[in-house]
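Note that the protein sequences, when read in sequence, are chains A, B and C. When we follow our numbering, the leftmost residue of the first sequence carries the number 1, and every step to the right adds one. When we follow our numbering, the leftmost residue of the second sequence carries the number 100, and every step to the right adds one. When we follow our numbering, the leftmost residue of the third sequence carries the number 267, and every step to the right adds one.
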Amino acid sequence: MALQVVTANRIGDGTVVYLTRVGGWSERITDGEVSRSDEERDTLMAVAQATAEIPEVVEPYLIDVVEEAGVIRPVRYREAIRAQGPPVHPAFGQQAEEG
Amino acid sequence: MPLLRDGALVDDPWVTVDDGTQLPMDGPAIVSLERWQAHRDELLGRNAPLGIRLKSDQPPALIADDLDRFAVVALEFPVFRDGRAYSYARLLRERYGYRGEVRAVGEVLRDQFLFMLRCGFDALEVRDEKAVDQWREAVSEISVVYQPAADSQTPVWALRHRRSAAE
Amino acid sequence: MYRYDEYDQTLVDERVRQFRGQVARRLAGELTEDEFKPLRLMNGLYLQLHAYMLRVAIPYGLLSAVQMRKLAHIARRYDRGYGHFTTRQNIQYNWPKLEDTPDILAELASVEMHAIQTSGNSFRNTTTDQYAGVAADEIEDPRVYCEIIRQWSTLHPEFSFLPRKFKIAVTGAPNDRAAVRLHDIGLIMRRGDAGETGFEVIVGGGQGRTPFVGPTIREFLPKKHLLSYLEAIMRVYNQLGRRDNLFKARIKILVHEVGAEKITEMVEEEWRHIKDGALDLPKEEVERIRAHFAPPPYETLAAAQPAFEEKKRADGAFATWADTNVAAHKVPGYAIVNLSLKPVGGIPGDATADQMDAVADLAEHYSFGEIRVTHEQNLVLGDVRRTDLHALWRKLRDIGMATPNLGLISDIIACPGLDYCGLANARSIPVAQRISNRFADLKRQHDIGELKIKISGCINACGHHHVGHIGILGLDRKGEEYYQITLGGSADQDAAIGKIVGPAFSSEAVVDAVETVVNTYVELRQNGERFVDTYRRVGKEPFKERLYAAA
Chain A
1 MALQVVTANR IGDGTVVYLT RVGGWSERIT DGEVSRSDEE RDTLMAVAQA TAEIPEVVEP
61 YLIDVVEEAG VIRPVRYREA IRAQGPPVHP AFGQQAEEG
Chain B
100 MPLLRDGALV DDPWVTVDDG TQLPMDGPAI VSLERWQAHR DELLGRNAPL GIRLKSDQPP
160 ALIADDLDRF AVVALEFPVF RDGRAYSYAR LLRERYGYRG EVRAVGEVLR DQFLFMLRCG
220 FDALEVRDEK AVDQWREAVS EISVVYQPAA DSQTPVWALR HRRSAAE
Chain C
267 MYRYDEYDQT LVDERVRQFR GQVARRLAGE LTEDEFKPLR LMNGLYLQLH AYMLRVAIPY
327 GLLSAVQMRK LAHIARRYDR GYGHFTTRQN IQYNWPKLED TPDILAELAS VEMHAIQTSG
387 NSFRNTTTDQ YAGVAADEIE DPRVYCEIIR QWSTLHPEFS FLPRKFKIAV TGAPNDRAAV
447 RLHDIGLIMR RGDAGETGFE VIVGGGQGRT PFVGPTIREF LPKKHLLSYL EAIMRVYNQL
507 GRRDNLFKAR IKILVHEVGA EKITEMVEEE WRHIKDGALD LPKEEVERIR AHFAPPPYET
567 LAAAQPAFEE KKRADGAFAT WADTNVAAHK VPGYAIVNLS LKPVGGIPGD ATADQMDAVA
627 DLAEHYSFGE IRVTHEQNLV LGDVRRTDLH ALWRKLRDIG MATPNLGLIS DIIACPGLDY
687 CGLANARSIP VAQRISNRFA DLKRQHDIGE LKIKISGCIN ACGHHHVGHI GILGLDRKGE
747 EYYQITLGGS ADQDAAIGKI VGPAFSSEAV VDAVETVVNT YVELRQNGER FVDTYRRVGK
807 EPFKERLYAA A
């Protein structure tokens, strides 16, 4: 079973966010709640859909991740770019916070 | 489905009869193109008004010679993105001079009302009764038109020069 | 340039109010994303990888200094201090907030601008020659007809839900700078038998997954019939264009499947019914619009400008720039100046708010307050006195817009790619930057000569790779970025679709591959041949051999 987290864009400003343990949304993927089974995945998506109806976020979806030493990283480079910010603009996105 | 005619909710006297279903003995009925083509004489023998429903791949050219038989032509929007019926409505009004009801059925959304009106639709089967208020907003949101269509609005290029001629 | 009257202004103001209502309904949860999406797209608002993206229409690429300052202001106040000029001669902002977009549209409306139909399955911004109205080779100013088309195609009730987006380009010159044969409809102004002007009509060109150079369906269309003929084409397409498959929905597929002759027949038949009717614009309306494009008050100047020639002799860097980025103007003593948005290692088409403000100032000072955006993602000041060129050049150098690389290997078109775009498979901008850095030596660039590199991050081909002399297409190959190279494309009057040269290259290898192609050309070229001439003479084999020799 692939590890997954739920991601979306925040409705007001479009910022990339990840669904956290407590059912909120964080800009840091590493705060994301990881699903490890079909049931966990369905639960996460249900929580995400409910917040999308408020609406808090737009079009939540699942992405595959890997977890190493407590750090969560996306598998696909598209999602790595979403998580970090545009590589051509290191001053923008999460990469700026961490740099 | 609620029916909007000229911006008001009206009782719909028409029933749309599926192909597999028996036609009611009397009363206005809307039938498919297929049924019309297969049972033309039978349908004309009915002593009640007849309407026809065209799918989005059935252009009005297919019924152009029979238009005076129909009191309603219903044009389908299977999804709101399928915009073929806008052309069909204009052709009915402008090419074939059809004066009966042109009805939009299927996925008919608020933000299309104005375009539909301009193309010659005069009746819309809408999702719910909220559509009455939406109609009022939708048809008054944009007052300027840049092109002639099947409605009576004057394009601005004509207004501009009408005004300057009057000055 | 065209200025709004009360009707034009009313429409954009009403549109802002309408969109403000739609955004409020969305934020209040009354509209789902599915319902809101088509509405925001009709106002050019996308949701991309990192944020929303707002695409603002610049009708046929023409801007006033006042409008440019407004674009700078929007970049600063609502975005992150920059904007990106696109191949549709528009500008897009990469970081607007949804809640701010009604205010942004209101700011735009205050300077006669909008974002209407910069997305969605309807007419997009009509584009034209960036030298329109001033080009020495022009038959007639096409912008008059671009504006007529703009108005007719705005909120068209019949054609707002087409099978797919629809792009029209118009040129008034035989040298095609607007890629008209690669548009859904291309219009070329021609002279008829009696010397009157009209249009050659091309239908069904395009790029994307299935590129086509469009066929001519009418050799000559008198001008008065322009709108009725366009409406006839659109009515045929709206009814018959494919709606079962997104990738086959453009008119080019219909033209290809049905055949150009049959399409011509259908269009002519439809046109027979509607010509000489309500779509014939009254003469006074055409004249009203034409008056907006009257030439500015040029001074009477000598064609020969000794002071300019003297400056060129004295200053080699200036001479290089003047020979590369300056084009011939139809009025003696004036010149067309290209402002490069392709500095070495830069992001093609990006401009900062400060640069936009500076360009607005320069336009007012040197060029009657007007700026043009090119489909090759540069800017143009169209009416500069030759005697002012040296002063202008110095000021352009100060703002990083004097790179003398117009039409050279570093004048690259690139789509936003996976740095921003939700559809992309691979990044485009970093490849452009690396190529630009690799060929940073200007002497080498000039020795290589005209060479157009165009890069797309996916098969939608927003970076026009099919028509690059060297085209680069980004692919996702098992989770890695790969790049396919095409050779021999052209967007000019000799339009051609490039041919795939062979297997794709990794991100690390692609710049070396481009250099191999260039070196091969340099070795093979004969007296004065451009890259594309050599390619047409020798074909792709010699390039292929060199590229894959080691493999």
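Backbone N, C-alpha and C define an ideal beta-carbon position, used for all residues, glycine too.
Cβ of residue i within 9 Å of any chain A Cβ
i, result
"residue 310 (chain C)", "no"
"residue 695 (chain C)", "yes"
"residue 745 (chain C)", "yes"
"residue 617 (chain C)", "no"
"residue 285 (chain C)", "no"
Which of helix, strand or coil DSSP assigns to residue i
i, result
"residue 437 (chain C)", "strand"
"residue 591 (chain C)", "helix"
"residue 582 (chain C)", "helix"
"residue 99 (chain A)", "Below a pLDDT of 50, predicted positions are generally treated as unreliable, and residue 99 (chain A), at 49, falls in that range; the measurement from the model is reported next regardless. It is coil, neither helix nor strand."
"residue 357 (chain C)", "strand"
"residue 327 (chain C)", "helix"
"residue 285 (chain C)", "helix"
"residue 504 (chain C)", "helix"
"residue 298 (chain C)", "coil"
"residue 128 (chain B)", "strand"
"residue 61 (chain A)", "strand"
"residue 35 (chain A)", "strand"
"residue 74 (chain A)", "strand"
"residue 526 (chain C)", "helix"
Closer than 9 Å to chain C by CB, residue i
i, result
"residue 152 (chain B)", "no"
"residue 133 (chain B)", "no"
"residue 51 (chain A)", "no"
"residue 96 (chain B)", "Only positions 100 to 266 of chain B appear in this structure, which leaves residue 96 (chain B) out of reach."
"residue 77 (chain A)", "yes"
"residue 63 (chain A)", "no"
"residue 24 (chain A)", "no"
"residue 99 (chain A)", "Here residue 99 (chain A) scores only 49 on pLDDT, less than 50, and its place in the model should not be relied on; the value that follows carries that caveat. Output row for residue 99 (chain A): interface = no."
"residue 82 (chain A)", "yes"
"residue 47 (chain A)", "no"
"residue 197 (chain B)", "no"
Cβ distance (whole Å) where residue i is taken to contact residue j below 8 Å
i, j, result
"residue 202 (chain B)", "residue 171 (chain B)", "6 Å"
"residue 471 (chain C)", "residue 480 (chain C)", "3 Å"
"residue 323 (chain C)", "residue 356 (chain C)", "6 Å"
"residue 658 (chain C)", "residue 629 (chain C)", "No, residue 658 (chain C) and residue 629 (chain C) are not in contact; Cβ-Cβ is about 10 Å, not under 8 Å."
"residue 353 (chain C)", "residue 679 (chain C)", "6 Å"
"residue 706 (chain C)", "residue 610 (chain C)", "5 Å"
"residue 256 (chain B)", "residue 487 (chain C)", "So it is not a contact: roughly 19 Å between Cβ atoms."
"residue 683 (chain C)", "residue 740 (chain C)", "6 Å"
"residue 119 (chain B)", "residue 147 (chain B)", "Between residue 147 (chain B) and residue 119 (chain B) the Cβ distance is about 20 Å, and since that is not below 8 Å, they are no contact."
"residue 732 (chain C)", "residue 477 (chain C)", "4 Å"
"residue 100 (chain A)", "residue 685 (chain C)", "Outside the displayed range of chain A (1 to 99) lies residue 100 (chain A), so it cannot be described from this structure."
7 Å CB neighbourhood of residue i in its chain, flanking five on each side removed
i, result
"residue 191 (chain B)", "159, 172, 197, 201 and 219"
"residue 347 (chain C)", "341, 618 and 619"
"residue 577 (chain C)", "584 and 656"
"residue 537 (chain C)", "494, 495 and 498"
"residue 33 (chain A)", "5, 19, 20, 21 and 44"
"residue 135 (chain B)", "142 and 151"
"residue 36 (chain A)", "1 and 3"
"residue 652 (chain C)", "571, 574, 599, 600 and 601"
Own chain partners of residue i with C-beta closer than 8 Å, once the 5 adjacent residues on each side are dropped
i, result
"residue 623 (chain C)", "334, 335 and 338"
"residue 228 (chain B)", "101 and 108"
Sequence-distant residues of its chain with Cβ nearer than 6 Å to residue i (five each side left out)
i, result
"residue 60 (chain A)", "6, 8, 48 and 52"
"residue 2 (chain A)", "64"
"residue 222 (chain C)", "Here chain C comprises residues numbered 267 to 817, so residue 222 (chain C) is not present and cannot be evaluated."
"residue 289 (chain C)", "368"
"residue 771 (chain C)", "749 and 779"
"residue 419 (chain C)", "389"
Cβ of residue i within 9 Å of any chain B Cβ
i, result
"residue 802 (chain C)", "no"
Minimum length 3: unbroken beta strand (DSSP E) runs contained in the stretch 448-502 of chain C: List check, beta strand (DSSP E) in window: 451-457, 463-469 and 482-488.
Complete runs of the alpha helix (DSSP H) confined to the stretch 355-419 of chain C [at least 4 residues]: 367-375 and 409-419
Secondary structure, beta strand (DSSP E): runs of 3+ residues fully inside the stretch 102-180 of chain B: 102-104, 107-109, 128-131, 149-153 and 171-176, all fully within the stretch 102-180 of chain B.
Secondary structure, alpha helix (DSSP H): runs of 4+ residues fully inside the stretch 703-764 of chain C: 708-714
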